[in-house]
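To keep things clear, I will list the structure first and then write my remarks on it.
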Amino acid sequence: MFGGFPRDTLFLIAGPCVLEDDALNLRVADALARLAEHVPGGIVFKASFDKANRSNAGAHRGPGLHEGLEQLSRVRAKTGLPVLTDVHLPEQCEAVGQVADVLQIPAFLCRQTDLLEAAGATGKAVNVKKGQWMAPEAMKGAVEKVRGARSEIRGPRSEDRVAESRVTGHERAIAVTERGSFFGYGDLVVDMRAIPRLRTATGCPVIFDGTHSVQRPGLGEGGASGGAREFIPTLTLAAVAAGADGVFLETHPDPDHAPSDGPNMLPLGDLDALVRRLVAVREAAR
-15 MFGGFPRDTL
-5 FLIAGPCVLE
5 DDALNLRVAD
15 ALARLAEHVP
25 GGIVFKASFD
35 KANRSNAGAH
45 RGPGLHEGLE
55 QLSRVRAKTG
65 LPVLTDVHLP
75 EQCEAVGQVA
85 DVLQIPAFLC
95 RQTDLLEAAG
105 ATGKAVNVKK
115 GQWMAPEAMK
125 GAVEKVRGAR
135 SEIRGPRSED
145 RVAESRVTGH
155 ERAIAVTERG
165 SFFGYGDLVV
175 DMRAIPRLRT
185 ATGCPVIFDG
195 THSVQRPGLG
205 EGGASGGARE
215 FIPTLTLAAV
225 AAGADGVFLE
235 THPDPDHAPS
245 DGPNMLPLGD
255 LDALVRRLVA
265 VREAAR
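Heads up: the sequence shown begins at -15 in my numbering, then just goes up one per residue.
As structure tokens, then:
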């Protein structure tokens, strides 16, 4: 069971942007499971059951909560990988917490108090993505909301509760993710200084989102988001050298025909080589 976010070894969160059919989900998950032995901190499978933040009303959103959680359960059972998915509403958190090892708060929702508290109250690991408009120091409040809800469910720290916290890693079960800041209209930039600043401000492990950071919001076909996936290696290698604890990469066997976020996803065939380079950079930078 995945209980926290390691700080002493690099870990990876990866998977398709949105859940598709079992064949695609498991194809990606099987590739990640084979790669996991080469990633010191392990790999978490990521896919969304609902893409609620879309540029266009008719954009593909995914299978929905019930079917999506069943699909994630099958990924977990087949591969043994821990799984992560986004939550958009407070009322989704309890059900998601029954299946997912990690609940993720999307960047656009990182200040939503009820959502952050509901995610924290599940007792599961929570990854909060930094809003594109927020300074690193502003994420302290988001993390405190998750921590506050988690401390309320623990109650008195009896010997049993202390033992439980050691086993499940609750004290380390919150992470924050850097995914770039808006620069003008339709473009994002990454300031690598944000990585140490986020760690200092929140006390949490810091993840770098190497795929959404190359997104070009609203500049794709038909007003959808575009992307520049050729810069994924450049940014992720720089982020690991700057001290990122983990890397977030959306990946797909055929990004050009993916139902969501294809222009900024890494081709699955390129993932192995990049991850091995990231691990080597992390070791060299320690």
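No residue lacks a Cβ here, since even glycine has one placed at the ideal position from N, Cα and C.
Just tell me which of the options has its CA closest to the CA of residue i.
| i | options | result |
| --- | --- | --- |
| GLU54 | ALA178, LEU3, VAL127 | LEU3 |
| LYS108 | GLU78, GLN116, HIS241, ASP(-8) | GLU78 |
| THR161 | ASP6, MET176, GLY132 | MET176 |
| ALA157 | ASP6, ARG270, HIS196, THR106 | THR106 |
| GLU51 | PRO74, LEU73, VAL80 | VAL80 |
Using 8 angstroms for Cβ pairs, my map puts residue i next to residue j. What's the rounded Cβ distance?
| i | j | result |
| --- | --- | --- |
| LEU278 | LEU16 | Nothing can be reported for residue 278: it is not among the residues displayed for the chain, which extend from -15 to 270. |
| ALA185 | PRO120 | 6 angstroms |
| GLY246 | HIS236 | 7 angstroms |
| VAL59 | VAL67 | 6 angstroms |
| GLY25 | GLY230 | 7 angstroms |
| PHE29 | GLY(-12) | No, PHE29 and GLY(-12) are not in contact; Cβ-Cβ is about 17 angstroms, not under 8 angstroms. |
| PHE192 | ALA212 | Not really, about 16 angstroms apart at Cβ, beyond 8 angstroms. |
If you check the beta carbons only, do residue i and residue j fall under 8 angstroms apart?
| i | j | result |
| --- | --- | --- |
| LEU221 | VAL265 | yes |
| LYS114 | CYS94 | yes |
| PRO201 | ARG(-9) | no |
| VAL263 | VAL23 | yes |
| SER32 | THR(-7) | no |
| VAL259 | LEU(-4) | yes |
How long is the line joining the alpha carbons of residue i and residue j, rounded to whole angstroms?
| i | j | result |
| --- | --- | --- |
| PHE232 | LEU19 | 15 angstroms |
| LEU182 | SER165 | 14 angstroms |
| ILE179 | ALA36 | 27 angstroms |
| ARG134 | VAL110 | 11 angstroms |
| LEU56 | VAL83 | 7 angstroms |
| ASP254 | ASP98 | 38 angstroms |
| GLU234 | PRO251 | 9 angstroms |
| ASP34 | ILE27 | 22 angstroms |
| GLY170 | GLN116 | 12 angstroms |
| VAL151 | ASP85 | Below a pLDDT of 50, predicted positions are generally treated as unreliable, and VAL151, at 30, falls in that range; the measurement from the model is reported next regardless. Using only the alpha carbons, I get a separation of about 14 angstroms. |
| ALA159 | HIS241 | 31 angstroms |
| SER244 | GLY187 | 33 angstroms |
| SER209 | GLN199 | 7 angstroms |
| GLY194 | ARG261 | 14 angstroms |
| MET(-15) | ALA61 | With a pLDDT of only 38 at MET(-15), under 50, the local geometry of the prediction cannot be trusted, and the value read off the model is given with reservation. C-alpha separation (whole angstroms): 12 angstroms. |
| GLU148 | GLU214 | Reliability of the predicted coordinates at GLU148 is poor, the pLDDT of 39 falling under 50, and no value is obtained from them. |
| ARG45 | GLN96 | 21 angstroms |
| PRO90 | ALA268 | 31 angstroms |
| ALA257 | PRO217 | 10 angstroms |
| PRO140 | ALA126 | Note that PRO140 scores 47 on pLDDT, short of 50, meaning its location in the model is unreliable and no value can be drawn from it. |
| VAL63 | GLN76 | Here the sequence assigns Thr to residue 63, which means Val is not the residue at that position. THR63 and GLN76: Cα-Cα distance of roughly 25 angstroms. |
| MET249 | PRO239 | 6 angstroms |
| LEU172 | ALA7 | 33 angstroms |
| LEU101 | MET118 | Contrary to the premise, residue 101 reads as Glu rather than Leu in this sequence. If I take the Cα positions, the gap works out to 19 angstroms. |
| CYS1 | PHE167 | 23 angstroms |
| VAL146 | LYS129 | Summary for VAL146: the model assigns pLDDT 33, below 50, so the residue's position carries little reliability, and this model does not support an answer. |
| LEU10 | PRO47 | 15 angstroms |
So residue i is in the beta strand (DSSP E); what residue range does that whole segment cover?
| i | result |
| --- | --- |
| LEU233 | 230 to 236 |
| GLU162 | 158 to 162 |
| GLY26 | Careful: GLY26 lies outside any beta strand (DSSP E) and carries neither H nor E. |
| ASP193 | 190 to 193 |
| THR(-7) | Note, THR(-7): premise wrong, no beta strand (DSSP E); not H, not E. |
| LEU68 | 67 to 70 |
Regarding residue i and the ligand MN, is the C-beta to nearest heavy atom distance less than 7 angstroms?
| i | result |
| --- | --- |
| GLU234 | The model on display carries no ligand, and the ligand MN is accordingly not part of it. |
Hey, could you find the ends of the alpha helix (DSSP H) residue i is sitting in?
| i | result |
| --- | --- |
| GLU54 | 49 to 63 |
| THR218 | 216 to 225 |
| VAL12 | 6 to 19 |
| ALA269 | 252 to 269 |
| LEU182 | 178 to 186 |
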